[in-house]
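So in the working numbering, spot 362 of the sequence shown is number 362, and the numbers just go up one at a time.
Yeah, the Cβ is synthetic: ideal placement off N, Cα and C, and Gly gets one too.
Take a look at the structure below.
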Amino acid sequence: MYKSKSEAIFRSESYSHYGSISKDPVNEGSNWAAYMNIVCVLAGSGTLGIPYAIQLGGWISVPILIISATMTYYANTKLIECLHYDEQNSKRKTSMSDLAYEAYGNAGFFVIGFFFNALCIGCPILFLILAGHNLQELFTNIGIDLGIRTWIYICASIMCIPFILLRSMKEAAFLSAVGTITTAFVVIVISITSIVEYPNNRDKRHEFINFRNIPLSMATFSFSYGGNFIFPQIEASLKNPKKWPEILRFAIFSVTIMYLIIGIPAYLTYGETLRSPVYIGLQPGFSITISIIMITIHVLLALPVYQTVFSVEIENYLGFDTKNLSKIRQHILRILLRIIIMIFTVYIAVNVPYFSDLMQLFGATGNGVLSVIMPILFWIKLIGWEKLNGFKDKCWVIFTLTFSLCATIIGTIDALNILWIDITEKL
Numbered sequence: 001m002y003k004s005k006s007e008a009i010f011r012s013e014s015y016s017h018y019g020s021i022s023k024d025p026v027n028e029g030s031n032w033a034a035y036m037n038i039v040c041v042l043a044g045s046g047t048l049g050i051p052y053a054i055q056l057g058g059w060i061s062v063p064i065l066i067i068s069a070t071m072t073y074y075a076n077t078k079l080i081e082c083l084h085y086d087e088q089n090s091k092r093k094t095s096m097s098d099l100a101y102e103a104y105g106n107a108g109f110f111v112i113g114f115f116f117n118a119l120c121i122g123c124p125i126l127f128l129i130l131a132g133h134n135l136q137e138l139f140t141n142i143g144i145d146l147g148i149r150t151w152i153y154i155c156a157s158i159m160c161i162p163f164i165l166l167r168s169m170k171e172a173a174f175l176s177a178v179g180t181i182t183t184a185f186v187v188i189v190i191s192i193t194s195i196v197e198y199p200n201n202r203d204k205r206h207e208f209i210n211f212r213n214i215p216l217s218m219a220t221f222s223f224s225y226g227g228n229f230i231f232p233q234i235e236a237s238l239k240n241p242k243k244w245p246e247i248l249r250f251a252i253f254s255v256t257i258m259y260l261i262i263g264i265p266a267y268l269t270y271g272e273t274l275r276s277p278v279y280i281g282l283q284p285g286f287s288i289t290i291s292i293i294m295i296t297i298h299v300l301l302a303l304p305v306y307q308t309v310f311s312v313e314i315e316n317y318l319g320f321d322t323k324n325l326s327k328i329r330q331h332i333l334r335i336l337l338r339i340i341i342m343i344f345t346v347y348i349a350v351n352v353p354y355f356s357d358l359m360q361l362f363g364a365t366g367n368g369v370l371s372v373i374m375p376i377l378f379w380i381k382l383i384g385w386e387k388l389n390g391f392k393d394k395c396w397v398i399f400t401l402t403f404s405l406c407a408t409i410i411g412t413i414d415a416l417n418i419l420w421i422d423i424t425e426k427l
């Protein structure tokens, strides 16, 4: 039930245009496929940092996590509304960069484009590095030492195949489904391990609230719900785009439940000894090994999902899908472009020092800006502050922007400190 007539009219007009997306085969994706893509992108490696984030802020961090989830849902319903805000006079906008240009001109386009490209390129690179480290550690334990670089080459060669074959986010659903299952498996394993080991860890210290570290918890939660820069592609792949708010709500709810299932038992059992990722410092054993394997599978499957979003943006910009090109030429150009992207990804992964620290910096700033702040600012600029649903909605927007801005600034400062420490230690 809408609280004002103007809100009801606006929502009705906004969502009525969702069906106007062209019914290309790539726009025939199911609701389930979109759900899997969202969960795969939001959860993943973010799951491993949630227990440590709760440890930083204390038990009060649990409701803060729920608030972060609510903000993410709110902001990204606004984001998709913005994509359709002027479809009576022009086409649906295709990306956050389009919205940035519409709202703030070239300055907005370049700022959002920088973070979009940094995350779309950087996350797959980071996934390759993480997978290489994990596989090196796992196989060294059984006497096979190939080196991290070799494992990165192997992982990239394998994941290049689905990346080349995927045309849109609809085709990525199978990879996302498997990635989601592996994440759920890790959540179950870590939570069960925590419950089983609780009797041996009753002496661990817990805090209800740690004022000093709450900002760091906020920053971690904000990062853990990042990845919305691929939402326009996911929504565009839907057969019935009107279902987007419902799909997004269910996906964020599912991710939040996973975060709570892994975070609460882990903090209850291990208390102040928790680290990130969560399996660091836990008793080595079969369950931890399985968790590392599952997370490695997840990040490898998420890799082509991120790269597909980036590649589709370039393909649209270069006009690969225009009628002037035959289907064969489109496929050849798409394959060549994606091979080049994968080669570039591998080159950065094996040659750029401190890349993990740099991505933590880009992630803290970029996810903070893209996930909540900019979708709301786009909505206000393109649709109007007066269209917000009354005083309560306006207060919620102010609170959300303030909360997210604080988390972004603190996360950026923390990431800069880590980068500085790592650089100075090597000097």
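- The Cβ-Cβ distance between Ala219 and Asp414 falls below 8 Å.
- Excluding its 5 nearest sequence neighbours in each direction, Val309 has C-beta neighbours in its own chain below 8 Å: Cys120, Met169, Phe229, Ile230 and Gln233, listed in chain order.
- Under the three-state reduction of DSSP output, Leu165 falls in the helix class.
- With 16 or more other Cβ atoms from the protein chains shown falling within 10 Å of its own Cβ, Asn76 counts as buried.
- Relative to Val196, the option among Leu419, Tyr270 and Leu388 whose CA is nearest is Tyr270.
- The closest CA to that of Leu301, considering only Ala53, Leu126, Arg334 and Tyr225, is found on Leu126.
- For the options His84, Val372 and Ile67, the alpha carbon positioned closest to that of Phe253 is the one of Ile67.
- Between Leu48 and Ile295, the C-beta spacing is below 8 Å.
- The Cβ neighbour count for Thr408, taken over all protein chains shown within 10 Å, is at least 16; the residue is labelled buried.
- Leu165 counts as exposed, since fewer than 16 other beta carbons sit within 10 angstroms of its beta carbon.
- Under the 8 Å Cβ criterion, the segment 316-333 does not count as touching the segment 175-185, having fewer than three qualifying pairs.
- Non-local C-beta neighbours of Ile158 in its own chain, meaning closer than 8 Å and more than five positions away in sequence, comprise Leu300, ordered along the chain.
- When the five nearest sequence neighbours on each side are left out, the beta carbons in the same chain lying within less than 6 Å of the beta carbon of Ser194 are those of Pro265, Ala266 and Thr269, in order along the chain.
- By the C-beta criterion, the segment 121-140 is judged to be in contact with the segment 303-317, since at least 3 inter-stretch pairs fall below 8 Å.
- Remark: three or more beta-carbon pairs, one from each stretch, lie closer than 8 Å, so the segment 111-118 and the segment 360-374 are flagged as touching.
- Separation of Ile314 and Thr70 (C-alpha to C-alpha, rounded to the nearest whole angstrom) is 32 Å.
- Counting the other Cβ atoms within 10 Å of the Cβ of Gly411 gives 16 or more, which makes it buried.
- Using a Cβ distance threshold of 8 Å, Ser191 and Ile261 count as a contacting pair.
- In this structure, the alpha-carbon of Ile144 lies about 19 Å from that of Pro284.
- Rounded to the nearest angstrom, the gap between the Cα atoms of Phe286 and Ile50 is 22 Å.
- Of the residues Ser311, Val346, Asn351 and Glu137, the one whose Cα lies closest to the Cα of Leu336 is Ser311.
- In the structure shown, the three-state DSSP call for Leu416 is helix.
- The residue among Arg149, Phe391, Thr140 and Ile247 with its C-alpha nearest the C-alpha of Gly132 is Arg149.
- Note that the C-beta distance between Leu99 and Cys123 is not below 8 Å.
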